[in-house]
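In our numbering, the protein residues as written are 29 to 987.
Below you'll find the structure, written out as structure tokens, and then a few comments.
What follows is the structure in structure tokens.
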């Protein structure tokens with residue numbers, strides 16, 4: 029995405045006309061240049077972009093003598109005769125990019141060669157710089173990077189003319205050196221589509237991937253590997269994929285467990301060439317595996333690669349043996365690999381070691397055995413750290429380690445196949461989380477390699493764009509650009525659809541993308557079930573259901589505004605991921621309500637069973653349309669991943685939620701009261717207390733236990749009780765809203781509602797809690813229902829210490845927002861010197877209170893520190909707590925505390941405090957780097973179950 033980080037130099041304003049009246053300027057590529065093969069491929073792609081916009085396709089010439097009129101001249105410094113002549117003559121100044129990585133200079137030049145009136149010169153500091161410059165022009169004429177992968181159709185223009193100022197551009201050097209994606213977990217979706225569209229993972233497929241990466245200013249790829257072998261799957265020749273990558277300038281890697289150019293699935297197919305054993309075990313089969321690696325080097329040594337070192341077990345499993353044995357084994361493996369590289373003069377080629385899963389233990393070592401991190405052999409190897417597979421960084425470099433010469437990398441995830449559960453469908457990682465975590469990575473010196481697991485690639489279009497733009501231009505989008513993810517999303521929507529939508533619609537679609545991803549980020553679709561959101565407490569399921577319905581309605585509203593030519597792009601980039609995600613939430617809430625009413629013997633279960641069935645059919649319809657009809661059937665099989673009702677860590681045994689049907693018997697009135705687990709056919713129920721502070725509206729549902737309908741009647745014994753209905757016919761069910769007329773209420777009162785129908789009577793007790801706030805200070809949160817709940821950003825004050833401040837990250841977390849200490853990396857031994865958040869609260873009783881801190885699921889970023897904070901009231905000695913239990917191990921799917929944290933996307937540690945009735949000052953001190961605070965809940969009793977926690981308490985307003 030073009031940002032305001034590009035620099036423009038001054039020159040007289042004159043137009044450059046690329047296409048006019050069906051005539052296009054020619055494109056010149058120097059055939060003698062080292063970059064010719066790749067630039068010629070990209071030039072053809074650019075010419076196709078111009079044709080898509082104008083209907084006219086420029087010719088590509090390799091003899092400058094044939095140029096005339098207007099021309100685009102593209103090449104790298106030192107590899108294009110025309111550009112080198114212009115530099116030598118002082119016409120083209122490239123001093124700002126020369127010697128840098130992947131930069132370009134775009135400039136209009138008059139009479140660049142004889143016969144050409146005006147030329148558009150795209151000069152790159154290297155091949156990729158030139159390619160980025162070419163695709164920058166594609167973006168300026170309105171072609172999205174997602175033109176192929178998202179079927180984004182640009183606006184049609186018969187004339188392409190630009191002022192010199194528009195095309196006088198000097199790009200920046202990328203912030204991160206290697207920026208790429210990992211195609212992984214590629215069956216059933218990506219693999220099915222590739223097989224039918226291209227016949228396999230061959231060069232025809234990878235050319236599309238390479239072009240996308242370059243359009244997004246990436247440069248690095250880990251190829252698909254579940255059942256594919258990148259360097260064997262070529263169509264024109266087995267090695268064609270690698271040759272095409274080299275031509276395009278894509279730096280290839282292999283995933284964290286595929287050393288020395290060999291794909292993970294190659295070994296079992298060819299092991300007989302090296303011996304009789306198929307064991308992928310270096311300790312037992314060293315010579316055969318060494319020979320296997322050597323052949324990989326022979327095959328790929330002439331291509332640009334970031335060479336993976338190390339080894340894991342078969343099929344990306346852990347090594348066997350003790351920590352000591354595995355550390356020594358890894359040393360033997362790496363020494364063998366380095367000897368092989370030296371043998372083929374690759375000892376100075378860039379190399380990378382992934383510290384992933386259990387390898388992290390071998391990197392750091394322990395009290396009994398020294399790890400790999402201080403091993404001199406690895407000083408020239410980039411160390412690739414990893415998140416915990418759920419978008420939360422694990423360990424990060426200590427201050428004294430951040431500037432190692434070979435640098436650090438980060439392996440991040442938008443998709444994961446593994447425990448505690450897989451997620452391989454639509455995006456579930458909000459951009460705000462990507463910003464917070466990857467900005468922290470950059471600030472900790474992780475700047476050499478950023479690679480993200482994108483699964484099937486689709487439908488991760490937006491997060492892939494953001495990840496690569498963040499890596500390319502961290503200055504524009506990183507740490508000092510807090511709260512710009514919304515702006516980024518709007519720009520991205522505008523890039524795809526802006527030429528026919530008004531600003532309000534662009535804003536709305538951006539919000540829709542944010543809303544659905546945030547919904548998925550709270551709880552991933554694969555593990556939502558019928559009891560995830562409370563059906564009885566805090567109106568939670570109903571609130572979440574309304575959110576899902578709102579997402580559906582918004583998606584349909586904007587769909588109606590999309591012209592027919594753009595509907596395919598809208599469906600795959602926006603509509604499907606948003607609506608299908610919302611539908612999964614609806615499906616499970618409806619199924620939960622069906623089960624709830626079935627347990628009560630109510631035929632209302634059948635209504636919700638029907639709604640559940642409709643949602644199940646809708647899920648199938650949405651997927652079927654994507655896989656068979658979208659873009660004329662282009663994406664067959666691409667959206668085939670199971671995404672509902674996981675019962676194991678993977679999709680095995682997945683199922684849609686069950687529905688419950690109740691056969692109608694004699695009519696019977698069944699009463700459900702909000703906040704109460706049971707249903708009533710007789711007796712007395714109790715509504716939660718009404719508070720003058722919150723002025724709640726509670727609900728009572730009257731449903732039928734039989735086939736015949738009945739009339740209910742509701743009577744009150746107090747005039748301050750408001751019912752929105754007092755008598756109505758019930759076939760299946762009716763909901764009554766109960767509220768209070770506070771002008772008639774006289775302080776703390778009680779009353780009763782009597783419900784009668786179908787021969788039954790149920791009484792419901794109603795009580796009021798009225799609190800006088802006239803003497804309460806401003807910005808005070810007041811206890812009600814034994815709870816004080818506070819959104820973290822609503823602090824009375826955010827106090828900075830030692831140059832460290834609390835800053836609000838908008839739209840981040842499970843409720844309103846989050847608050848985090850900046851700059852990243854700051855930590856404190858104790859609260860006396862730590863920055864803090866201060867809140868004013870009022871509790872209504874003397875006694876023991878529990879403070880639950882709702883924190884983002886950050887891991888212990890250092891082997892010697894947890895995730896500590898401190899809580900103090902009224903200036904007393906703060907209580908120091910650690911959000912992570914002593915046995916916490918991020919990324920270990922056998923570790924229950926970590927599994928719970930990533931499934932719920934929250935830490936909820938507690939501290940205990942003795943408080944007296946009245947106003948108190950609460951201070952929350954940040955001690956650990958990476959601590960992200962979302963909400964604080966003070967409670968005098970056990971909190972009723974809700975997934976997301978209680979809603980915010982009443983506050984007297986700002987000071």
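Just so it is clear, CB atoms sit at the ideal spot from N, CA and C, and this is done for glycine as well.
Note that the structure is predicted; figures quoted are calculated from it, not measured.
Backbone CA spacing between residue i and residue j [nearest angstrom]
i: residue 683; j: residue 674; result: 7 Å
i: residue 37; j: residue 123; result: Note that residue 37 has pLDDT 38, beneath the 50 cutoff, so the model's placement of it is unreliable and the number below is only indicative. Cα-Cα distance, rounded: 13 Å.
i: residue 473; j: residue 501; result: 15 Å
i: residue 937; j: residue 971; result: 14 Å
i: residue 300; j: residue 522; result: 55 Å
i: residue 283; j: residue 414; result: 12 Å
i: residue 780; j: residue 482; result: 57 Å
i: residue 34; j: residue 198; result: Note that residue 34 has pLDDT 42, beneath the 50 cutoff, so the model's placement of it is unreliable and the number below is only indicative. Distance between the alpha carbons of residue 34 and residue 198: 6 Å.
i: residue 41; j: residue 147; result: Low per-residue confidence applies at residue 41: pLDDT is 45, beneath 50, and the placement is therefore not dependable, though the value from the model is reported in the following sentence. About 14 Å.
i: residue 979; j: residue 742; result: 30 Å
i: residue 142; j: residue 93; result: 8 Å
i: residue 719; j: residue 759; result: 33 Å
i: residue 476; j: residue 405; result: 19 Å
i: residue 496; j: residue 602; result: 20 Å
i: residue 795; j: residue 715; result: 8 Å
i: residue 563; j: residue 764; result: 16 Å
i: residue 378; j: residue 469; result: 21 Å
i: residue 358; j: residue 403; result: 11 Å
i: residue 39; j: residue 50; result: Residue confidence is low: residue 39 scores 45 on pLDDT, short of 50, so the model does not pin down where it sits. No coordinate-derived value is stated.
i: residue 32; j: residue 609; result: Caution is warranted here: a pLDDT of 42 is assigned to residue 32, below 50, making its placement in the model unreliable, and the coordinate value is therefore given only provisionally. Cα to Cα, the separation comes out at about 34 Å.
i: residue 969; j: residue 942; result: 13 Å
Option nearest residue i by Cα separation, candidates the options
i: residue 258; options: 238, 230 and 247; result: 230
i: residue 240; options: 159, 110, 627 and 584; result: 159
i: residue 591; options: 98, 181 and 918; result: 181
i: residue 268; options: 575, 296 and 234; result: 234
i: residue 865; options: 202, 335, 964 and 783; result: 964
i: residue 103; options: 68, 83, 87 and 137; result: 68
i: residue 837; options: 542, 679, 57 and 463; result: 463
Test item: CB-CB of residue i and residue j under 8 Å
i: residue 896; j: residue 915; result: no
i: residue 604; j: residue 491; result: no
i: residue 156; j: residue 212; result: no
i: residue 558; j: residue 623; result: yes
i: residue 44; j: residue 195; result: yes
i: residue 877; j: residue 934; result: no
i: residue 342; j: residue 308; result: yes
i: residue 362; j: residue 338; result: yes
i: residue 81; j: residue 170; result: yes
i: residue 95; j: residue 48; result: no
i: residue 802; j: residue 707; result: no
i: residue 480; j: residue 210; result: yes
i: residue 454; j: residue 548; result: yes
i: residue 420; j: residue 444; result: no
i: residue 439; j: residue 412; result: yes
i: residue 369; j: residue 325; result: yes
beta-carbon residue i near the ligand HEM non-hydrogen atom, thresh 7 Å
i: residue 318; result: With respect to the ligand HEM, the structure shown offers nothing to examine, as it has no ligands at all.
If you scan the stretch 177 to 222 from start to end, which runs of the beta strand (DSSP E) of 3 or more residues do you find wholly inside it? 188 to 191 and 206 to 211
Which full runs of the alpha helix (DSSP H) of 4+ residues lie inside the stretch 530 to 558, going along the chain? 531 to 550
Could you tell me which uninterrupted beta strand (DSSP E) segments, each at least 3 residues in length, are contained entirely in the stretch 111 to 156, listed from first to last along the chain? 132 to 138 and 144 to 152
Would you mind listing the beta strand (DSSP E) stretches within the stretch 832 to 902 that are 3+ residues and don't spill past its ends, in chain order? 833 to 838, 845 to 850, 864 to 871, 875 to 883 and 896 to 901
What ranges does the beta strand (DSSP E) occupy inside the stretch 241 to 275, keeping only unbroken runs of at least 3 residues that lie completely in it? 248 to 250
Runs of alpha helix (DSSP H) wholly within the stretch 599 to 681 (minimum 4 residues, chain order): 604 to 627 and 632 to 656
Counting beta carbon pairs with one atom in the stretch 515 to 534 and one in the stretch 806 to 821, are three or more of them shorter than 8 Å? no
Are the stretch 173 to 190 and the stretch 416 to 430 in contact at 8 Å, needing three or more beta carbon pairs? no
Three Cβ pairs or more, each shorter than 8 Å: is that satisfied between the stretch 689 to 702 and the stretch 646 to 665? no
Given 8 Å as the limit, is there contact between the stretch 946 to 964 and the stretch 853 to 873, that is, 3 or more CB pairs closer than that? yes
Would you mind listing the alpha helix (DSSP H) stretches within the stretch 432 to 488 that are 4+ residues and don't spill past its ends, in chain order? 459 to 471
Is it true that the stretch 823 to 839 meets the stretch 532 to 539, where meeting means three or more beta-carbon pairs spaced less than 8 Å apart? no
Kindly provide the ranges of any alpha helix (DSSP H) runs that are 4 or more residues long and lie completely inside the stretch 309 to 369, ordered along the chain. 314 to 328
With contact counted as at least three CB pairs below 8 Å, one residue from each stretch, are the stretch 567 to 581 and the stretch 524 to 533 in contact? no
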